[in-house]
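Each residue of the sequence shown is one higher than the last, beginning at 1 in full-length UniProt numbering.
Below is one structure, written out as structure tokens; comments come after it.
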Amino acid sequence: MRLPLRTEDLGIEAWRSVLLAYNAALRAIEAELDRAGTVPLTWYDVLLELQAAEAPGLRMRDLADRVVLSRTRVSRLVDEMAADGLVRKETDGQDRRVVWAVLTDEGRSAFRRAVPVYLRGIEQHFAAHLTDEEKQVCATGLLKVAQAHRPGACDPVKEDTR
1 MRLPLRTEDL GIEAWRSVLL AYNAALRAIE AELDRAGTVP LTWYDVLLEL QAAEAPGLRM
61 RDLADRVVLS RTRVSRLVDE MAADGLVRKE TDGQDRRVVW AVLTDEGRSA FRRAVPVYLR
121 GIEQHFAAHL TDEEKQVCAT GLLKVAQAHR PGACDPVKED TR
């Protein structure tokens, strides 16, 4: 552990720590999903968002925004998942340019099988290493960063250094 640092270095160290923790936990969770014979983690994320959608599916561009992948990557993922019967693509009835990704019954089943493995992985490879207070600080701080970068969010207020 490299802390404590000068105040001006804390932001860089926090960023580095987020990346290191994310990468370590992600790899471990991906390995567990693979060992359990469930869907890959990127597919899980797509299934999660489709399962949570209020409509019968999501427009491809909205799905890409939710899973934090490029539209091209999401399109390829959905094509792969459609080939496995987990989702299907549907053209919008009113605007032929719009394509929807829709969860199939087989996709719902695959999602339900993966959920316990995924949740156990989050607990084991991330949450178990933090106190409740650290989890709260982490969640609050990272959510603040995420919300600041949403469309329409205001720029952070700069301190007046006069």
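For every residue, glycine included, the Cβ atom is placed at its ideal position computed from N, Cα and C.
Restricting attention to Asp95, Ala127, His149, the CA atom closest to the CA of Ala139 is found in Ala127. Counting only residues of its own chain and dropping the five nearest sequence neighbours on each side, Glu30 has a CB closer than 8 Å to the CB of Pro40, Leu41. Taking a cut-off of 8 Å on C-beta distances, the stretch 127-137 does not touch the stretch 69-87, as fewer than three cross pairs fall below it. Inter-residue distance for Glu13 and Leu103 is about 40 Å (C-alpha atoms, whole angstroms).
For Val74, there is no enclosing beta strand (DSSP E); the enclosing alpha helix (DSSP H) covers residues 71-83. Here the stretch 94-113 makes no contact with the stretch 13-27; the two share fewer than three CB pairs at distances below 8 Å. As the crow flies, the alpha-carbon of Pro151 is around 19 Å from that of Glu49. Of the candidates Arg96, Ala146, Asp84, Leu33, the residue whose Cα lies closest to the Cα of Met60 is Arg96. Taking the Cα of Leu47 as reference, the smallest distance to any Cα among Leu119, Asp92, Leu63 is reached at Leu63. Residue state for Arg59 is assigned as strand, using DSSP reduced to three classes. Secondary structure note for Ala25: its alpha helix (DSSP H) is the uninterrupted segment 10-35. In this chain, the beta strand (DSSP E) harbouring Glu90 covers 87-91. If you draw a 10 Å sphere on the C-beta of Trp43, you find 16 or more other C-beta atoms in it, and that means buried.
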